[in-house]
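Worksheet: the structure to be examined is printed underneath.
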Amino acid sequence: MPFRKNPPPYELGQGQQRKKKNFNTREVANGASSTLTRTVANESLLATEGEKNATSKSLYGDPTARISSNLYSINDRIRLRAYQSVLKGIKGKSLLHIGCGMGLISLMAARNLASAVVAIDHSAIVDAAQVVAKQNGLQNISFFRGSLREMMGNFPVKKFDVILCEWMGTFLVNDPLLEDALFARDNLLAENGVMCPDSSSIHIVGVSDYAFYLDTVEYWSNVYGFKMEPMKGLVRQEVETCAIPASNIVTSTSLIHTVNITEFRDADNKDTDENGFTVPFSVRATCNTTVNYLTFFVDATFTNPHDPGANFVIGIRPGGNNAWTETSVGLSQPLPLKCGETLSGELRVRVLNRERGVTLVEVTAQTDGKVLAEKSTGSYTYQRF
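Quick note on UniProt numbering: the sequence shown kicks off at 1 and runs consecutively.
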(Lines of atoms letter the chains of each structure in order from A and count residues from 1; the text may use other names and numbers.)
(Lines give C-alpha, C1' and ligand atoms only; values in the text may rest on other atoms or scores of the structure.)
Protein backbone atom coordinates (compact mmCIF):
# COMPACT_ATOMS: atom_id res chain seq x y z
CA MET A 1 0.00 0.00 0.00
CA PRO A 2 1.07 3.56 -0.34
CA PHE A 3 3.32 5.07 2.42
CA ARG A 4 1.32 6.08 5.49
CA LYS A 5 2.04 9.15 7.54
CA ASN A 6 3.63 8.35 10.89
CA PRO A 7 3.27 9.31 13.67
CA PRO A 8 -0.35 10.55 13.69
CA PRO A 9 -0.75 14.34 14.09
CA TYR A 10 -2.46 13.99 17.45
CA GLU A 11 0.15 11.68 18.95
CA LEU A 12 2.98 14.14 19.67
CA GLY A 13 3.48 17.86 19.42
CA GLN A 14 6.82 19.51 18.81
CA GLY A 15 8.91 19.49 21.95
CA GLN A 16 6.72 16.90 23.70
CA GLN A 17 8.24 13.78 25.15
CA ARG A 18 6.82 10.37 24.39
CA LYS A 19 5.21 8.85 27.50
CA LYS A 20 6.15 5.30 28.34
CA LYS A 21 3.31 2.88 28.94
CA ASN A 22 3.34 0.58 31.94
CA PHE A 23 2.15 -2.59 30.25
CA ASN A 24 0.96 -5.40 32.51
CA THR A 25 0.60 -8.75 30.76
CA ARG A 26 -1.79 -10.10 33.36
CA GLU A 27 -4.16 -7.18 32.86
CA VAL A 28 -4.28 -7.79 29.10
CA ALA A 29 -4.82 -11.51 29.36
CA ASN A 30 -8.26 -11.12 30.94
CA GLY A 31 -9.11 -14.78 30.53
CA ALA A 32 -7.47 -15.26 27.11
CA SER A 33 -4.59 -17.61 26.50
CA SER A 34 -1.77 -16.37 28.69
CA THR A 35 0.90 -17.80 26.40
CA LEU A 36 -0.50 -16.07 23.32
CA THR A 37 -1.06 -12.85 25.22
CA ARG A 38 2.51 -12.80 26.49
CA THR A 39 3.61 -13.22 22.87
CA VAL A 40 1.46 -10.27 21.85
CA ALA A 41 2.63 -8.11 24.73
CA ASN A 42 6.29 -8.86 24.26
CA GLU A 43 6.41 -9.03 20.47
CA SER A 44 3.67 -6.80 19.11
CA LEU A 45 3.25 -4.04 21.66
CA LEU A 46 6.57 -3.84 23.48
CA ALA A 47 10.15 -4.20 22.28
CA THR A 48 11.20 -7.59 20.98
CA GLU A 49 14.38 -9.23 22.25
CA GLY A 50 16.02 -8.17 19.01
CA GLU A 51 14.94 -4.57 19.50
CA LYS A 52 16.20 -4.48 23.07
CA ASN A 53 19.68 -5.09 21.65
CA ALA A 54 18.98 -3.47 18.30
CA THR A 55 21.35 -2.11 15.73
CA SER A 56 20.27 0.67 13.38
CA LYS A 57 19.55 -1.96 10.72
CA SER A 58 17.53 -4.34 12.89
CA LEU A 59 15.10 -1.61 13.93
CA TYR A 60 13.58 -1.81 10.44
CA GLY A 61 12.70 -5.49 10.97
CA ASP A 62 8.98 -5.22 11.73
CA PRO A 63 7.91 -1.56 11.91
CA THR A 64 4.25 -2.35 11.23
CA ALA A 65 4.06 -4.30 14.48
CA ARG A 66 4.24 -1.06 16.43
CA ILE A 67 0.86 0.31 17.45
CA SER A 68 1.71 3.82 16.20
CA SER A 69 2.15 2.40 12.69
CA ASN A 70 -1.47 1.21 12.68
CA LEU A 71 -3.25 4.20 14.20
CA TYR A 72 -3.79 5.93 10.85
CA SER A 73 -5.51 2.86 9.45
CA ILE A 74 -7.84 2.72 12.44
CA ASN A 75 -8.68 6.43 12.35
CA ASP A 76 -8.88 6.80 8.57
CA ARG A 77 -12.64 7.19 8.26
CA ILE A 78 -12.55 7.77 4.50
CA ARG A 79 -11.02 4.36 3.87
CA LEU A 80 -13.22 2.67 6.46
CA ARG A 81 -16.41 4.12 4.94
CA ALA A 82 -15.31 2.88 1.52
CA TYR A 83 -14.70 -0.66 2.73
CA GLN A 84 -17.89 -0.65 4.79
CA SER A 85 -19.81 -0.28 1.53
CA VAL A 86 -18.31 -3.62 0.52
CA LEU A 87 -18.92 -5.24 3.90
CA LYS A 88 -22.65 -4.41 3.82
CA GLY A 89 -23.08 -7.26 1.35
CA ILE A 90 -20.56 -9.66 2.87
CA LYS A 91 -23.12 -11.77 4.78
CA GLY A 92 -22.76 -15.42 3.83
CA LYS A 93 -19.65 -14.78 1.72
CA SER A 94 -15.99 -15.58 2.31
CA LEU A 95 -13.30 -12.90 2.48
CA LEU A 96 -9.50 -13.03 2.30
CA HIS A 97 -7.69 -9.94 3.62
CA ILE A 98 -4.04 -9.76 2.54
CA GLY A 99 -1.91 -7.34 4.54
CA CYS A 100 -4.53 -7.08 7.28
CA GLY A 101 -2.41 -5.27 9.87
CA MET A 102 -4.40 -4.96 13.11
CA GLY A 103 -7.31 -6.57 11.29
CA LEU A 104 -9.99 -3.92 11.82
CA ILE A 105 -11.60 -4.41 8.41
CA SER A 106 -11.40 -8.19 8.81
CA LEU A 107 -13.08 -7.94 12.21
CA MET A 108 -15.85 -5.81 10.69
CA ALA A 109 -16.39 -8.44 7.99
CA ALA A 110 -16.69 -11.16 10.63
CA ARG A 111 -19.13 -9.04 12.64
CA ASN A 112 -21.21 -8.55 9.48
CA LEU A 113 -21.73 -12.34 9.35
CA ALA A 114 -19.31 -13.31 6.60
CA SER A 115 -19.28 -17.10 6.27
CA ALA A 116 -15.50 -17.10 6.79
CA VAL A 117 -12.83 -14.43 7.08
CA VAL A 118 -9.13 -15.19 6.63
CA ALA A 119 -6.68 -12.39 7.45
CA ILE A 120 -2.95 -12.66 6.81
CA ASP A 121 0.06 -10.42 7.39
CA HIS A 122 3.82 -10.81 7.78
CA SER A 123 3.79 -8.64 10.90
CA ALA A 124 3.59 -9.80 14.52
CA ILE A 125 0.61 -7.47 14.94
CA VAL A 126 -1.69 -10.30 13.80
CA ASP A 127 -1.04 -12.03 17.14
CA ALA A 128 -2.71 -9.09 18.85
CA ALA A 129 -5.54 -9.14 16.30
CA GLN A 130 -6.17 -12.81 17.06
CA VAL A 131 -6.59 -12.05 20.76
CA VAL A 132 -8.98 -9.21 19.90
CA ALA A 133 -11.12 -11.56 17.79
CA LYS A 134 -11.34 -14.09 20.64
CA GLN A 135 -12.17 -11.45 23.24
CA ASN A 136 -15.02 -10.22 21.03
CA GLY A 137 -16.44 -13.70 20.51
CA LEU A 138 -15.84 -13.85 16.74
CA GLN A 139 -15.68 -17.48 15.64
CA ASN A 140 -15.75 -16.99 11.88
CA ILE A 141 -12.33 -15.33 11.51
CA SER A 142 -8.82 -16.80 11.30
CA PHE A 143 -5.53 -14.91 11.44
CA PHE A 144 -2.28 -16.13 9.88
CA ARG A 145 1.21 -14.69 10.12
CA GLY A 146 3.65 -15.35 7.30
CA SER A 147 3.80 -15.90 3.54
CA LEU A 148 0.54 -16.32 1.63
CA ARG A 149 1.93 -19.19 -0.43
CA GLU A 150 3.17 -21.02 2.65
CA MET A 151 0.04 -20.46 4.75
CA MET A 152 -2.71 -21.06 2.18
CA GLY A 153 -2.70 -24.81 2.86
CA ASN A 154 -3.91 -24.06 6.40
CA PHE A 155 -6.79 -21.83 5.33
CA PRO A 156 -10.24 -23.10 6.36
CA VAL A 157 -11.55 -21.96 2.97
CA LYS A 158 -9.97 -22.75 -0.39
CA LYS A 159 -11.76 -20.17 -2.54
CA PHE A 160 -12.93 -16.67 -1.60
CA ASP A 161 -15.77 -14.49 -2.83
CA VAL A 162 -13.87 -11.29 -1.98
CA ILE A 163 -10.09 -10.77 -1.85
CA LEU A 164 -9.22 -7.49 -0.19
CA CYS A 165 -5.68 -6.19 -0.63
CA GLU A 166 -4.27 -2.66 -0.93
CA TRP A 167 -1.82 -3.75 -3.60
CA MET A 168 -1.20 -0.31 -5.11
CA GLY A 169 2.12 1.36 -4.29
CA THR A 170 3.30 4.95 -4.31
CA PHE A 171 4.05 4.47 -8.01
CA LEU A 172 1.16 2.05 -8.62
CA VAL A 173 3.04 -1.18 -9.28
CA ASN A 174 5.90 -1.09 -6.75
CA ASP A 175 4.27 -2.49 -3.61
CA PRO A 176 5.40 -5.98 -2.46
CA LEU A 177 1.74 -6.92 -1.90
CA LEU A 178 1.06 -6.82 -5.65
CA GLU A 179 2.63 -10.25 -6.19
CA ASP A 180 0.55 -11.71 -3.35
CA ALA A 181 -2.59 -10.13 -4.78
CA LEU A 182 -1.92 -11.59 -8.23
CA PHE A 183 -1.18 -15.03 -6.78
CA ALA A 184 -4.39 -14.90 -4.74
CA ARG A 185 -6.36 -13.79 -7.81
CA ASP A 186 -5.08 -16.75 -9.82
CA ASN A 187 -5.33 -19.41 -7.11
CA LEU A 188 -7.77 -18.38 -4.38
CA LEU A 189 -10.50 -16.31 -6.05
CA ALA A 190 -13.85 -18.06 -6.44
CA GLU A 191 -15.77 -18.04 -9.70
CA ASN A 192 -17.53 -14.66 -9.91
CA GLY A 193 -15.34 -13.48 -7.01
CA VAL A 194 -14.01 -9.91 -6.88
CA MET A 195 -10.69 -8.22 -6.15
CA CYS A 196 -11.00 -5.15 -3.92
CA PRO A 197 -9.76 -2.60 -4.90
CA ASP A 198 -9.51 -3.62 -8.53
CA SER A 199 -7.90 -0.53 -10.09
CA SER A 200 -5.68 2.39 -9.17
CA SER A 201 -4.52 5.58 -10.89
CA ILE A 202 -1.50 7.82 -10.48
CA HIS A 203 -1.84 11.60 -10.74
CA ILE A 204 0.67 14.44 -11.06
CA VAL A 205 0.78 18.08 -9.95
CA GLY A 206 3.44 20.81 -10.08
CA VAL A 207 4.79 22.34 -6.87
CA SER A 208 6.73 25.53 -6.21
CA ASP A 209 8.78 25.31 -3.02
CA TYR A 210 12.12 27.10 -3.21
CA ALA A 211 12.39 27.16 0.59
CA PHE A 212 12.28 23.36 0.70
CA TYR A 213 14.93 23.25 -2.01
CA LEU A 214 17.19 25.49 0.08
CA ASP A 215 16.65 23.34 3.18
CA THR A 216 17.31 20.01 1.48
CA VAL A 217 19.77 20.75 -1.36
CA GLU A 218 21.55 24.07 -0.83
CA TYR A 219 21.92 23.20 2.85
CA TRP A 220 24.94 21.10 1.88
CA SER A 221 26.85 24.14 0.58
CA ASN A 222 27.91 24.97 4.13
CA VAL A 223 27.57 22.43 6.93
CA TYR A 224 29.38 23.77 9.98
CA GLY A 225 31.86 25.42 7.64
CA PHE A 226 32.35 22.35 5.41
CA LYS A 227 31.44 22.25 1.72
CA MET A 228 29.58 19.00 1.07
CA GLU A 229 28.74 19.40 -2.61
CA PRO A 230 28.62 15.63 -3.38
CA MET A 231 25.66 15.35 -1.02
CA LYS A 232 23.60 17.57 -3.30
CA GLY A 233 23.76 14.99 -6.06
CA LEU A 234 22.67 12.24 -3.71
CA VAL A 235 19.76 14.30 -2.38
CA ARG A 236 18.62 15.10 -5.92
CA GLN A 237 18.35 11.38 -6.66
CA GLU A 238 15.99 10.70 -3.77
CA VAL A 239 12.20 10.67 -3.91
CA GLU A 240 10.72 12.86 -1.18
CA THR A 241 7.82 11.40 0.81
CA CYS A 242 5.96 14.16 2.62
CA ALA A 243 2.68 16.05 2.63
CA ILE A 244 2.43 19.04 0.28
CA PRO A 245 1.02 22.35 1.59
CA ALA A 246 -1.91 23.48 -0.57
CA SER A 247 -0.33 26.93 -0.96
CA ASN A 248 2.62 25.40 -2.85
CA ILE A 249 0.52 23.73 -5.56
CA VAL A 250 0.85 25.84 -8.72
CA THR A 251 -0.54 23.69 -11.56
CA SER A 252 -3.60 21.69 -12.42
CA THR A 253 -3.62 18.01 -11.49
CA SER A 254 -3.61 15.36 -14.17
CA LEU A 255 -4.41 11.64 -14.20
CA ILE A 256 -1.55 10.06 -16.13
CA HIS A 257 -1.91 6.27 -15.77
CA THR A 258 -4.39 3.65 -14.56
CA VAL A 259 -3.82 -0.04 -13.88
CA ASN A 260 -6.39 -2.77 -13.24
CA ILE A 261 -5.35 -5.86 -11.30
CA THR A 262 -7.78 -8.03 -13.25
CA GLU A 263 -5.85 -7.26 -16.46
CA PHE A 264 -2.36 -8.14 -15.22
CA ARG A 265 -0.93 -11.48 -16.25
CA ASP A 266 0.18 -14.15 -13.78
CA ALA A 267 2.33 -13.23 -10.77
CA ASP A 268 5.30 -15.38 -11.86
CA ASN A 269 5.67 -13.70 -15.26
CA LYS A 270 8.42 -11.12 -14.76
CA ASP A 271 8.16 -9.48 -18.18
CA THR A 272 4.77 -7.86 -17.70
CA ASP A 273 3.23 -4.45 -17.12
CA GLU A 274 3.21 -4.85 -13.34
CA ASN A 275 6.99 -4.30 -13.37
CA GLY A 276 6.81 -0.77 -14.74
CA PHE A 277 5.36 1.67 -17.24
CA THR A 278 6.23 4.74 -19.31
CA VAL A 279 3.59 7.44 -19.78
CA PRO A 280 3.43 11.06 -20.98
CA PHE A 281 1.95 13.82 -18.83
CA SER A 282 0.98 17.47 -19.02
CA VAL A 283 -0.25 20.01 -16.47
CA ARG A 284 -1.19 23.66 -16.80
CA ALA A 285 0.14 26.49 -14.62
CA THR A 286 -2.54 28.16 -12.50
CA CYS A 287 -0.40 31.30 -11.93
CA ASN A 288 2.90 32.87 -12.93
CA THR A 289 5.31 30.59 -11.12
CA THR A 290 8.44 28.44 -11.06
CA VAL A 291 8.03 24.70 -10.61
CA ASN A 292 10.70 23.09 -8.41
CA TYR A 293 9.04 19.72 -7.79
CA LEU A 294 6.64 17.31 -9.43
CA THR A 295 4.39 15.49 -6.98
CA PHE A 296 2.68 12.14 -7.55
CA PHE A 297 -0.25 10.58 -5.71
CA VAL A 298 -2.48 7.54 -6.20
CA ASP A 299 -6.12 6.62 -5.69
CA ALA A 300 -7.94 3.30 -5.35
CA THR A 301 -11.16 2.21 -7.06
CA PHE A 302 -13.48 -0.75 -6.63
CA THR A 303 -16.10 -1.63 -9.22
CA ASN A 304 -18.32 -4.57 -8.27
CA PRO A 305 -20.18 -5.99 -11.29
CA HIS A 306 -22.59 -7.86 -9.00
CA ASP A 307 -23.34 -5.08 -6.48
CA PRO A 308 -22.96 -1.49 -7.77
CA GLY A 309 -23.82 -0.22 -4.29
CA ALA A 310 -20.45 -1.50 -3.10
CA ASN A 311 -18.48 0.61 -5.59
CA PHE A 312 -16.09 3.19 -4.18
CA VAL A 313 -13.19 5.53 -4.97
CA ILE A 314 -10.61 6.39 -2.32
CA GLY A 315 -9.23 9.67 -3.60
CA ILE A 316 -6.31 11.84 -2.56
CA ARG A 317 -6.45 15.63 -2.48
CA PRO A 318 -2.99 17.22 -2.65
CA GLY A 319 -2.61 19.74 0.12
CA GLY A 320 -5.29 17.98 2.18
CA ASN A 321 -5.10 15.66 5.17
CA ASN A 322 -4.56 12.40 3.34
CA ALA A 323 -3.88 8.95 4.72
CA TRP A 324 -1.62 8.10 1.78
CA THR A 325 1.33 10.46 1.54
CA GLU A 326 2.30 12.16 -1.69
CA THR A 327 5.73 11.53 -3.23
CA SER A 328 7.78 14.21 -4.99
CA VAL A 329 10.86 14.49 -7.18
CA GLY A 330 13.02 17.60 -7.35
CA LEU A 331 13.62 18.94 -10.85
CA SER A 332 17.23 19.27 -12.02
CA GLN A 333 16.29 22.67 -13.44
CA PRO A 334 13.59 24.99 -12.05
CA LEU A 335 10.94 25.49 -14.73
CA PRO A 336 9.44 29.01 -15.06
CA LEU A 337 5.84 29.10 -16.26
CA LYS A 338 3.38 31.78 -17.26
CA CYS A 339 -0.19 31.37 -16.04
CA GLY A 340 -1.94 28.97 -18.42
CA GLU A 341 1.30 27.60 -19.85
CA THR A 342 1.62 23.84 -20.26
CA LEU A 343 4.33 21.79 -18.59
CA SER A 344 4.72 18.47 -20.39
CA GLY A 345 6.97 15.47 -20.05
CA GLU A 346 7.30 11.76 -19.45
CA LEU A 347 7.28 9.51 -16.38
CA ARG A 348 9.10 6.18 -16.48
CA VAL A 349 8.75 3.73 -13.57
CA ARG A 350 10.73 0.50 -13.22
CA VAL A 351 10.51 -1.86 -10.25
CA LEU A 352 14.08 -2.96 -9.51
CA ASN A 353 13.42 -5.06 -6.41
CA ARG A 354 9.83 -5.45 -5.28
CA GLU A 355 10.65 -7.38 -2.12
CA ARG A 356 13.00 -4.63 -0.89
CA GLY A 357 10.77 -1.89 -2.27
CA VAL A 358 13.34 -0.38 -4.67
CA THR A 359 11.93 1.55 -7.62
CA LEU A 360 13.66 3.57 -10.35
CA VAL A 361 11.77 6.71 -11.34
CA GLU A 362 12.82 8.76 -14.38
CA VAL A 363 11.18 12.09 -15.17
CA THR A 364 11.56 14.45 -18.11
CA ALA A 365 9.72 17.79 -18.09
CA GLN A 366 9.82 20.90 -20.26
CA THR A 367 8.07 24.24 -20.64
CA ASP A 368 6.35 25.70 -23.70
CA GLY A 369 8.88 28.53 -23.64
CA LYS A 370 6.49 31.40 -22.95
CA VAL A 371 8.85 32.62 -20.23
CA LEU A 372 11.97 30.59 -20.92
CA ALA A 373 12.48 27.34 -22.81
CA GLU A 374 13.77 24.97 -20.15
CA LYS A 375 14.00 21.20 -19.84
CA SER A 376 14.60 19.06 -16.77
CA THR A 377 15.70 15.42 -16.79
CA GLY A 378 16.27 13.37 -13.67
CA SER A 379 16.66 9.81 -12.41
CA TYR A 380 15.48 9.03 -8.88
CA THR A 381 15.45 6.05 -6.55
CA TYR A 382 12.52 5.31 -4.26
CA GLN A 383 12.89 2.76 -1.48
CA ARG A 384 10.14 1.81 0.90
CA PHE A 385 11.12 1.14 4.51
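Backbone N, C-alpha and C define an ideal beta-carbon position, used for all residues, glycine too.
These numbers come from a predicted model, not from an experiment.
- Distance from the CA of TYR83 to the CA of ILE105, rounded to the nearest whole angstrom, comes to 7 angstroms.
- Approximately 17 angstroms separates the beta-carbon atoms of TYR382 and THR364; this is outside 8 angstroms, ruling out the contact.
- In this structure, ALA124 is the residue among ALA124, ALA181, PRO197 with its C-alpha nearest to the C-alpha of GLY103.
- Relative to the Cα of LEU107, the nearest Cα in the group VAL132, ASN353, LYS91, HIS122 belongs to VAL132.
- In this structure the segment 302 to 317 does not lie against the segment 133 to 150, because fewer than three pairs of beta carbons, one per stretch, are closer than 8 angstroms.
- Secondary structure note for ILE98: its beta strand (DSSP E) is the uninterrupted segment 94 to 98.
- Distances from the CA of LEU234 to each of TYR219, THR327, PHE160 were compared; the closest alpha carbon is that of TYR219.
- The Cβ-Cβ distance between GLU326 and ILE244 falls below 8 angstroms.
- When rounded, the separation of the alpha-carbon atoms in LYS232 and THR251 is 26 angstroms.
- Within the same chain, Cβ atoms closer than 7 angstroms to the Cβ of SER94 are found at ALA114, SER115, ALA116, VAL157, PHE160, ASP161, the five residues on either side in sequence being excluded.
- Per DSSP, TYR210 is one residue of the alpha helix (DSSP H) stretching across 210 to 216.
- Using a 10 angstroms sphere on the CB of PHE281, the tally of other CB atoms reaches 16 or more, which defines it as buried.
- If you draw a straight line from the Cα of GLY99 to the Cα of LEU177, it comes to about 7 angstroms.
- Counting only the Cα atoms, ALA190 lies some 42 angstroms from SER379.
- With respect to the 8 angstroms criterion, LEU182 and PHE277 are not classified as neighbours on the basis of their beta carbons.
- The UniProt domain "Protein arginine N-methyltransferase" (199 to 350) contains, as complete beta strand (DSSP E) runs of 3+ residues, the segments 199 to 207, 254 to 260, 276 to 284, 289 to 298, 300 to 302, 312 to 314, 327 to 337 (chain order).
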